[in-house]
Amino acid sequence: MPANFARALPFGAAILDDGRVRFRLWAPTQAEVGVAIEGDAVVPMHPAGDGWFEAIATCDAGTRYRYRLADGTLVPDPAARAQADDVHGPSVVVDPRTYQWRNPGWSGRPWREVVLYELHVGLLGGFAGVARELPRLSQLGITAVELMPVNDFPGRRNWGYDGVLPYAPDTAYGSPTDLKALIDAAHDCGMMIFLDVVYNHFGPDGNYLGLYASQVFREDIHTPWGAAIDFRRPEVRRFFTENALYWLMEYRFDGLRFDAVHAISEPDWLDEMAAEVRATVEPGRQVHLVLENDRNAAGHLAGNFDAQWNDDGHHVLHVLLTGETEGYY
10 MPANFARALP FGAAILDDGR VRFRLWAPTQ AEVGVAIEGD AVVPMHPAGD
60 GWFEAIATCD AGTRYRYRLA DGTLVPDPAA RAQADDVHGP SVVVDPRTYQ
110 WRNPGWSGRP WREVVLYELH VGLLGGFAGV ARELPRLSQL GITAVELMPV
160 NDFPGRRNWG YDGVLPYAPD TAYGSPTDLK ALIDAAHDCG MMIFLDVVYN
210 HFGPDGNYLG LYASQVFRED IHTPWGAAID FRRPEVRRFF TENALYWLME
260 YRFDGLRFDA VHAISEPDWL DEMAAEVRAT VEPGRQVHLV LENDRNAAGH
310 LAGNFDAQWN DDGHHVLHVL LTGETEGYY
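Read the sequence shown against our numbering and you will find it ends at 338, with the numbers running on by one and no gaps.
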């Protein structure tokens, strides 16, 4: 029987039972914030304490909006479920309950059955293009596909590791509905589908957080790709924990691969997040959590994570095959 799923996020744009939309943003460096709805007036947001601003507006799914900062700058919603075009443009109100899942009872497969095929969605023609390849991959013996990061990045082409809007599938690949249809198609084939997520940095182009929530970043630590994220702050921890739950619960991914967790300064957050995932996922449903950890420390595997990339093995083989010895090689 078809069903729908939605994760009730504590921020971003949420459609209420009465049809109106609640907007919520953490903007601790701002004195005032508004919601600029396309074709309508700016709706003032009310301070809700601890840097939070809230507003309820009369609009519906498909509405385009941005947040208006005190100096008039318009920025996208960091928790937008979709963007109208690219990272610099307006966000879109999405009703996740409208997608009717064909396989709501899918419960996954055990880790011992994983034969993983990592792929780049853009190279295969977007979400619909990946769906067309699934029967062929299944015939090869693949039991799980892993999508390289799909959250919104600047431009039309990207590896995905410079994303700036973690909740919005990039429009270059398709809509939220297209991504859900891909996941449904994988489950039609009896295949699991994983998502690569990046929680160690934001890309440099389209990252507006510094304008209104500079506390997201640490001033004393930097990663090779940009400012380190401050996981000491509860608001930051909640933002990324909710993101993991969002992909697993609203999109029904079978697992997540966490990119370069050695660049997360507070590794205890990983265990906290994984424990919440295990407590939230429905009983009997198999969801797998995989780390990329260049330190190769095994401590997290004693808890709620299923596996970890063998980076030592990768690096040794890379040196043997290429002779490259720079950096972590």
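Glycine is no exception: its CB is placed at the ideal position from the N, C-alpha and C atoms.
By the three-class DSSP mapping on this structure, what secondary structure does residue i have?
i           : result
residue 10  : With a pLDDT of 45 at residue 10, under the threshold of 50, the predicted position of this residue should be treated as unreliable, though the coordinate-derived value follows. It is coil, neither helix nor strand.
residue 282 : helix
residue 273 : coil
residue 191 : helix
residue 210 : coil
residue 120 : helix
residue 248 : helix
residue 318 : coil
residue 267 : strand
residue 84  : strand
residue 139 : helix
residue 66  : strand
residue 147 : helix
residue 18  : coil
residue 38  : coil
residue 168 : coil
residue 382 : Since the displayed the chain opens at 10 and closes at 338, residue 382 lies outside it and no answer follows.
residue 9   : This structure leaves residue 9 out entirely; the chain is present only between 10 and 338.
residue 335 : coil
residue 173 : coil
residue 255 : helix
residue 311 : helix
residue 219 : helix
Per the DSSP calculation, residue i is bridged to which residue(s)?
i           : result
residue 232 : 235
residue 58  : 61
residue 73  : 101
residue 127 : 155
residue 23  : 31
residue 201 : 153
residue 178 : 160
residue 225 : None, per the DSSP bridge assignment.
residue 110 : 12
residue 43  : 53, 77
residue 299 : 266, 316
residue 92  : 100
Count the other C-beta atoms from every protein chain shown that fall within 10 angstroms of the C-beta of residue i, then say buried if there are 16 or more, exposed otherwise.
i           : result
residue 109 : exposed
residue 105 : buried
residue 91  : buried
residue 1   : What is shown of the chain runs 10 to 338, which leaves residue 1 out entirely.
residue 204 : buried
residue 278 : buried
residue 251 : buried
residue 230 : exposed
residue 291 : exposed
residue 333 : exposed
residue 213 : exposed
residue 228 : exposed
residue 193 : buried
residue 319 : exposed
residue 350 : Outside the displayed span of the chain (10 to 338) sits residue 350, for which this structure offers no information.
residue 338 : exposed
residue 34  : buried
residue 19  : exposed
residue 269 : buried
residue 25  : exposed
residue 288 : exposed
residue 41  : exposed
residue 266 : buried
residue 2   : Given that the chain is displayed from residue 10 to residue 338, the structure contains no residue 2 and the question cannot be resolved.
residue 57  : exposed
residue 135 : buried
Counting beta carbon pairs with one atom in the region 114-125 and one in the region 76-95, are three or more of them shorter than 8 Å? no
Do the region 75-89 and the region 99-107 make contact, defined as three or more Cβ pairs closer than 8 Å? yes
Kindly confirm or deny that the region 43-57 and the region 233-249 touch, where touching means at least three C-beta pairs closer than 8 Å. no
Is the region 158-172 touching the region 181-191 in the sense that three or more CB pairs, one from each, lie closer than 8 Å? yes
Specify whether the region 128-148 and the region 285-302 touch according to this definition: at least 3 beta carbon pairs, one from each stretch, less than 8 Å apart. no
Would you check if there are 3 or more beta carbon pairs closer than 8 Å linking the region 269-289 to the region 323-336? no
Report yes or no: do three or more beta-carbon pairs, one from the region 124-140 and one from the region 301-321, lie closer than 8 Å? no
Assess, as a yes-or-no matter, whether the region 111-119 is touched by the region 132-142 under the definition of 3 or more beta carbon pairs within less than 8 Å. no
Should the region 82-89 be regarded as contacting the region 216-227, the criterion being three or more beta carbon pairs within less than 8 Å? yes
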